[in-house]
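Please read the structure below before turning to the comments.
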Amino acid sequence: MVRLIAGLVGLFFSGMLLISLVTGAYTAVTEPVPPTVESQFVKHPKKVSFAHDGPFGAYDKAQLQRGLKVYAEVCAACHSLKLVAFRNFEEIGYSEDEVKAIAKGWKTEVPTINPETGEPATRPGLPADKIPSPFANETAARAANNNALPPDLSLMTKARHNGPAYVYSLLTGYSAVPASLPKENRPGTGLHYNPYFANLNIAMAAPITGDDQVTYDDGTKATKDQMAKDVAAFLTWTAEPKMEARKTAGWAALIFLIIFTGLCYLSYRTIWADKKH
Amino acid sequence: MSFPWANEYKPQHPVMQWVDERLPLPRFVYNAIGGGYPVPRNLNYFWNFGVLSGVALMIQIITGIILAMHYYASIDGAFNSVEHIMRDVNGGWFIRYAHMNGASFFFIVVYIHIFRGLFYGSYKAPREMVWLLGVVIFLLMMATGFMGYVLPWGQMSYWGAQVITGFFSAIPVVGEPLRQWLLGGYAPDQATLNRFFSLHYLLPFVILGTIILHVWALHIPGSSNPTGVSVKSESDTVPFHPYYTAKDGFGLGLFLLAFVAVTFFSPNMLGHPDNYIPANPLSTPAHIVPEWYYLPFYAILKAFTVDFGIPFTGIVIIPAKLMGVLAMFGSILLLFFLPWLDTSPVRSGHYRPLFRKFFWFGLIPSVLALGYCGMMPAEQPYVMISQIAAAYYFAHFLIILPIVSRIEKTLPLPNSITEAVTGKPLETAAA
Numbered sequence: 479m480v481r482l483i484a485g486l487v488g489l490f491f492s493g494m495l496l497i498s499l500v501t502g503a504y505t506a507v508t509e510p511v512p513p514t515v516e517s518q519f520v521k522h523p524k525k526v527s528f529a530h531d532g533p534f535g536a537y538d539k540a541q542l543q544r545g546l547k548v549y550a551e552v553c554a555a556c557h558s559l560k561l562v563a564f565r566n567f568e569e570i571g572y573s574e575d576e577v578k579a580i581a582k583g584w585k586t587e588v589p590t591i592n593p594e595t596g597e598p599a600t601r602p603g604l605p606a607d608k609i610p611s612p613f614a615n616e617t618a619a620r621a622a623n624n625n626a627l628p629p630d631l632s633l634m635t636k637a638r639h640n641g642p643a644y645v646y647s648l649l650t651g652y653s654a655v656p657a658s659l660p661k662e663n664r665p666g667t668g669l670h671y672n673p674y675f676a677n678l679n680i681a682m683a684a685p686i687t688g689d690d691q692v693t694y695d696d697g698t699k700a701t702k703d704q705m706a707k708d709v710a711a712f713l714t715w716t717a718e719p720k721m722e723a724r725k726t727a728g729w730a731a732l733i734f735l736i737i738f739t740g741l742c743y744l745s746y747r748t749i750w751a752d753k754k755h
Numbered sequence: 021m022s023f024p025w026a027n028e029y030k031p032q033h034p035v036m037q038w039v040d041e042r043l044p045l046p047r048f049v050y051n052a053i054g055g056g057y058p059v060p061r062n063l064n065y066f067w068n069f070g071v072l073s074g075v076a077l078m079i080q081i082i083t084g085i086i087l088a089m090h091y092y093a094s095i096d097g098a099f100n101s102v103e104h105i106m107r108d109v110n111g112g113w114f115i116r117y118a119h120m121n122g123a124s125f126f127f128i129v130v131y132i133h134i135f136r137g138l139f140y141g142s143y144k145a146p147r148e149m150v151w152l153l154g155v156v157i158f159l160l161m162m163a164t165g166f167m168g169y170v171l172p173w174g175q176m177s178y179w180g181a182q183v184i185t186g187f188f189s190a191i192p193v194v195g196e197p198l199r200q201w202l203l204g205g206y207a208p209d210q211a212t213l214n215r216f217f218s219l220h221y222l223l224p225f226v227i228l229g230t231i232i233l234h235v236w237a238l239h240i241p242g243s244s245n246p247t248g249v250s251v252k253s254e255s256d257t258v259p260f261h262p263y264y265t266a267k268d269g270f271g272l273g274l275f276l277l278a279f280v281a282v283t284f285f286s287p288n289m290l291g292h293p294d295n296y297i298p299a300n301p302l303s304t305p306a307h308i309v310p311e312w313y314y315l316p317f318y319a320i321l322k323a324f325t326v327d328f329g330i331p332f333t334g335i336v337i338i339p340a341k342l343m344g345v346l347a348m349f350g351s352i353l354l355l356f357f358l359p360w361l362d363t364s365p366v367r368s369g370h371y372r373p374l375f376r377k378f379f380w381f382g383l384i385p386s387v388l389a390l391g392y393c394g395m396m397p398a399e400q401p402y403v404m405i406s407q408i409a410a411a412y413y414f415a416h417f418l419i420i421l422p423i424v425s426r427i428e429k430t431l432p433l434p435n436s437i438t439e440a441v442t443g444k445p446l447e448t449a450a451a
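Laid out in structure tokens, this is it:
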């Protein structure tokens, strides 16, 4: 009885699937789905290599500091970095005093209240503060950006496939609209063509517009490419600040486990030596 | 409960004697996973995965309890509390990545454990109860994993919860009220997050309890083995300790090596980038996909594209969506009936030439194809591939297995495990 019912259920499900298959195949032949415009024009991120790539990779602190400068002078005008605190900059090679100075000199002040009146006020940043956001809230951000919302960048390199390369490609990828692009996919008012962006039209205007847009403290020539790469590296660090500790611990754990597994194997062989199996 | 030649627990130390007389817990452990449990001597490495599943559950429980100390189940705070764990809690990044990848590794070892059971006929008499409890554990794991994925309250968390609870709305009449009851609202919200957190903390202990029953039921007939031949004499078995504790130790080392390699060097490999974007009810991700371990079932769900009804009348009896949901649950529930669908008296696939072909060239490729199609968008040719694979999946268990067990001419079985191992008949074989 079980087998009879099972057989009928099996015939029903498999049969419906095969009918679905035939219908689907018929539709696929008679009404082929044209490839989407996005699938034709969207490009995969460019190949780019960083010091922190690979199982031995570590952050290039000078590059992260340069990237911070690009973020502070270019990106921070619109994009928040809510998950990072000023104190975290000690991890990328700044001293305690330098961090205090960076926090104090940050363009946006930290929102607070006036202790006398309770009115909203601002004060200079302190190392313990999270990086203050350029806009007070989402409405303010949209109002200032043609109704587009500049996303928080703290986790951006983990929130996209191949994140660091994506950020680098997006920043360097603005290009002229291809002549073959269908009219309805062309950028409208306030939008900009970028083949590395999922729907090809991004609200952000090219932020890195020319060489020497920022002046690097370490004398590195600030080419467009260099700035894009540095800020991509910096955002990799903001998304994964514990990466170096993770890789170091990983090697220690692997070496320990290789020895552990080797010893286990030897005891397994010894214990089983007299047992054929 | 065990074989007559099982070693008896004889505590040497006076303290252990004292304890054993008052509460025979040491004796219980000794008989369960110590020298008092005789196990077939011919188990291969596929038999390591039961112990590994238990280890994976312990990793999840330990890391999970620590995470819960820092996690904050609030729609405004959950996402940031996870990032707080990643950034500001000492070693928090390790605990969180271990929990995240631990879930994947738990499913990897459990899937291997299940397919080992499928190939070697471990579900057959007298071990049906072991198998049934195993399917219950698998269902509990799926529920736990799903609810855990919702907790970080990222985009995939939110939309995954939206889609999965949406399955229930396919049920006629009561579907929509049932969905709202499960969610505690019209859409995933604070009530949903709170109850998922509560249940996500509860269910692992239910799993633990079910595992105890699973192992208890296993110890009645004892472990199966690659030949599928029942244990006949003492020379067929070895005591669990030290023989299989040593072998499981080695297996554990290999498992941890793989786990550590992924957790420390590519921790986000098995996750989805969208879950690093905070949940936004107003923005639907381009492709909503569940965690990789649900993909074959997700593909079955999506494979049903035609309503079941009376042709040319427009009367729909079962809409495609409902059928997909029924089939998805059915694809797991059918495992409950497996001991009665496969009636072949021979357990091991080694001695079943026809069964073996369907297993390796039918079941395994179709499950892998379903997993792949589950990941891809609902476009051709992925939908067609998933339809063929899903049709095979149901046919395999519900039609092919009952027929194969009837018509198959099985290969001769060895007379005993000892004979299979040593090549000598039982009587003359020593040790």
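Taken in order, these protein sequences are the chains called F and C. Taking our numbering, I'd label the letters of the first sequence as residues 479 to 755. Taking our numbering, I'd label the letters of the second sequence as residues 21 to 451. Using N, Cα and C, we set each Cβ at its ideal position, and we do this for glycine too. If you're wondering where the values come from, they're calculated on a predicted model, not measured in any experiment.
Three-state secondary structure assigned by DSSP to residue i
| i | result |
| --- | --- |
| F:I591 | strand |
| F:K762 | It is not possible to answer for residue 762 of chain F, since the shown part of chain F is limited to 479 through 755. |
| F:Y614 | Tyr is not the amino acid found at residue 614 of chain F; the sequence shown has Ala there. Reduced to three states, the DSSP call for F:A614 is coil. |
| F:H670 | strand |
| F:L495 | helix |
| F:I680 | strand |
| C:P298 | strand |
| F:A484 | helix |
| F:A563 | strand |
| F:K661 | helix |
| F:K753 | coil |
| F:K539 | helix |
| C:A450 | Its pLDDT being 47, under 50, C:A450 is placed unreliably by the model, and the measurement read from it follows with that caveat. Coil, per DSSP. |
| C:K341 | helix |
Run of the beta strand (DSSP E) containing residue i, from where it starts to where it stops
| i | result |
| --- | --- |
| C:T257 | T257 to P259 |
| C:V59 | P58 to P60 |
| F:P598 | P598 to R601 |
| C:I335 | I335 to I338 |
Residue nearest to residue i in terms of C-alpha spacing, selected from the options
| i | options | result |
| --- | --- | --- |
| C:S244 | C:P224, C:S368 and C:I335 | C:S368 |
| C:E311 | C:Y169, C:P31 and C:I105 | C:Y169 |
| C:I320 | C:R116, C:L290, C:Y221 and C:A410 | C:A410 |
| F:F519 | F:D703, F:R664 and F:A555 | F:R664 |
| C:M395 | C:K322, C:V309, C:V336 and C:Y412 | C:V309 |
Where the alpha helix (DSSP H) through residue i begins and ends
| i | result |
| --- | --- |
| C:G180 | Q175 to G186 |
| C:V249 | No alpha helix (DSSP H) holds C:V249; DSSP gives it neither H nor E. |
| C:G329 | That residue, C:G329, is in no alpha helix (DSSP H); its beta strand (DSSP E) goes F328 to I330. |
| C:R116 | G112 to F139 |
| F:D708 | K702 to A717 |
| C:V155 | E148 to V170 |
| C:S218 | Q210 to H239 |
Closer than 7 Å to chain F by CB, residue i
| i | result |
| --- | --- |
| C:P293 | yes |
| C:K144 | no |
| C:L358 | no |
| C:E103 | yes |
| C:T442 | yes |
| C:L361 | yes |
| C:A26 | no |
| C:A323 | yes |
Cβ shell of residue i (< 6 Å), same chain only, five flanking positions each side left out
| i | result |
| --- | --- |
| F:V552 | P685 |
| C:T430 | V366, Y371 and R372 |
Residue i at chain C interface by Cβ criterion, 7 Å
| i | result |
| --- | --- |
| F:Y549 | no |
| F:L735 | yes |
| F:H522 | no |
| F:L546 | no |
| F:Y746 | yes |
| F:R620 | no |
| F:I686 | no |
| F:A731 | yes |
| F:M494 | yes |
| F:R638 | yes |
| F:Y646 | no |
Contacts around residue i, its chain only, beta-carbon distance under 7 Å, and the 5 residues preceding and following it disregarded
| i | result |
| --- | --- |
| C:P432 | none |
| C:N64 | P246 |
Same chain, Cβ closer than 8 Å to residue i, neighbours up to 5 away in sequence not counted
| i | result |
| --- | --- |
| C:A449 | Because C:A449 carries a pLDDT of 45, less than 50, the predicted location of this residue cannot be relied on, and no value is offered for it. |
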